[in-house]
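Colleague: Handing you this structure, nothing more for now.
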Amino acid sequence: MPKIVNHETQREMIAEVAWTIVTRDGVESASVRNIAKEAGLSMGSMRHYFPSQADLYIYLMELVSNRVGARVQAMIASTTTPTFEQLTHLMMQLLPIHEETKPEMEVWLWFNAKAVSTPALKPLNARIYEETFLLVKLVIDALIHMKLAKQEIDVHYEAQSLYALVDGLAIHCFMHPDEASEERISSILTRHLQDLCER
77 MPKIVNHETQ REMIAEVAWT IVTRDGVESA SVRNIAKEAG LSMGSMRHYF PSQADLYIYL
137 MELVSNRVGA RVQAMIASTT TPTFEQLTHL MMQLLPIHEE TKPEMEVWLW FNAKAVSTPA
197 LKPLNARIYE ETFLLVKLVI DALIHMKLAK QEIDVHYEAQ SLYALVDGLA IHCFMHPDEA
257 SEERISSILT RHLQDLCER
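For the sequence shown, my numbering begins at 77 and goes up steadily by one.
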């Protein structure tokens, strides 16, 4: 009888191998060929799951999005009324300040660079941008709901501003990790959110 392969299990195995290569050797090493070799699969088998390099890029970025999303959802589900400190911590989930999150940021930066010249990546890039914006806006909305925010606050503008700050901090953390301790980054985010609140 021919061997029956569970496709979802196989994809999960390939994802684990891909993530191992990303964390060990960097995202540029996570090619279809290298993943196939480490997973013990033929190129033909890999092409069955990822017909093109763009399909692999999309899968890696979805893997990062799911990892971040799971952490965020767990935090949101753990409380009905967040504290100010928890809102800051929520934003910290988007930053490469731990060994766990540094490979995520590497994939994110690399994916964004590829998306500029690869049309197949643009829909996922746009979706992740929108999802992240909604998360940032959720923090601004929470400050308002908690009656901490200034009355004249412009929600959309402040969400864009906070998003830009997080993006800038993410790049700073990734490129200059020695100058971006967790305490320093937390302090910057905390002060920014405090500036949106009534004194």
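Built from N, CA and C at the ideal position, the CB exists for glycine as well.
1) Please return the same chain residues whose Cβ sits closer than 8 Å to the Cβ of residue 250, not counting the five positions on each side in sequence.
2) Taking DSSP as the reference, what is the three-state secondary structure of residue 106?
3) Can you find the residues in the same chain that come closer than 8 Å, C-beta to C-beta, to residue 86, ignoring five residues on each side of it along the sequence?
4) What residues match up with residue 273 in a beta bridge as DSSP calls it?
5) So what does DSSP say about residue 276, is it helix, strand or coil?
6) Smallest Cα separation from residue 203: which of 117, 230, 141?
7) Which residue's Cα is closest to the Cα of residue 123: 114, 136, 109, 134?
8) Once DSSP output is grouped into helix, strand and coil, what is the label at residue 206?
9) Of the choices 88, 130, 129, whose alpha-carbon is the least far from that of residue 115?
10) So, helix, strand or coil for residue 126, using DSSP?
11) Considering only the beta carbon of each residue, do residue 269 and residue 192 sit closer than 9 Å?
12) What does a CB cutoff of less than 7 Å around residue 90 pick up in its chain, not counting 5 residues either side in sequence?
13) Between residue 231 and residue 83, what straight-line distance do the alpha-carbon atoms span, to the nearest angstrom?
14) Could you tell me which of 158, 174, 263, 260 sits nearest to residue 223, measuring between CA atoms?
15) Taking the C-alpha atoms as reference points, what is the distance between residue 229 and residue 113?
16) Grab me the residues of residue 130's own chain with a C-beta within less than 7 Å of its C-beta, minus the 5 sequence neighbours each way, in chain order.
17) With DSSP as the reference, label residue 194 as helix, strand or coil.
Modeller: Checking against the coordinates, here is how it stands:
1) Here residue 250 corresponds to residue number 174 of the sequence shown, with the count starting at 1. Same-chain partners within the cutoff: 172, 178, 181, 182, 185.
2) In the sequence shown, counting from the first residue as 1, residue 106 sits at position 30. Here residue 106 sits in coil by DSSP.
3) Residue 86 sits at position 10 when you count from the first residue of the sequence shown. If we look at residue 86 and ignore the five residues flanking it on each side, its Cβ neighbours are 125.
4) Locating residue 273 in the sequence shown gives position 197, counting from the first residue. DSSP lists 225 as partners of residue 273.
5) Limits of the chain in this structure are 77 at one end and 275 at the other, which puts residue 276 out of reach.
6) Here residue 203 refers to the residue found at position 127 when the sequence shown is read from its first residue. Per the Cα distances, 141.
7) In the sequence shown, counting from the first residue as 1, residue 123 sits at position 47. In this structure, 109 is the residue among 114, 136, 109, 134 with its C-alpha nearest to the C-alpha of residue 123.
8) Working through the sequence shown from its first residue, we reach residue 206 at position 130. Note: residue 206 maps to helix in three-state DSSP.
9) Counting from 1 along the sequence shown, the entry for residue 115 is found at position 39. That would be 88, whose Cα lies nearest to the Cα of residue 115.
10) The count along the sequence shown starts at 1 and reaches residue 126 at position 50. Three-state DSSP puts residue 126 in coil, outside helix and strand.
11) Translated into positions along the sequence shown, residue 269 becomes position 193. Translated into positions along the sequence shown, residue 192 becomes position 116. No. Outside cutoff.
12) Numbered from 1 along the sequence shown, position 14 holds the residue referred to as residue 90. Correct list, in chain order: 111, 115, 125.
13) The count along the sequence shown starts at 1 and reaches residue 231 at position 155. The count along the sequence shown starts at 1 and reaches residue 83 at position 7. In a straight line, the C-alpha of residue 231 is about 44 Å away from that of residue 83.
14) The sequence position of residue 223 within the sequence shown is 147, counting from 1. Of the candidates 158, 174, 263, 260, the one whose C-alpha sits nearest the C-alpha of residue 223 is 158.
15) In the sequence shown, counting from the first residue as 1, residue 229 sits at position 153. In the sequence shown, counting from the first residue as 1, residue 113 sits at position 37. Those two C-alpha atoms are separated by around 54 Å.
16) To locate residue 130, count along the sequence shown from 1; it is residue 54. The answer, listed in chain order, is 194, 196, 197.
17) What you label residue 194 is simply residue 118 of the sequence shown in a count that begins at 1. Correct three-state label for residue 194: coil.
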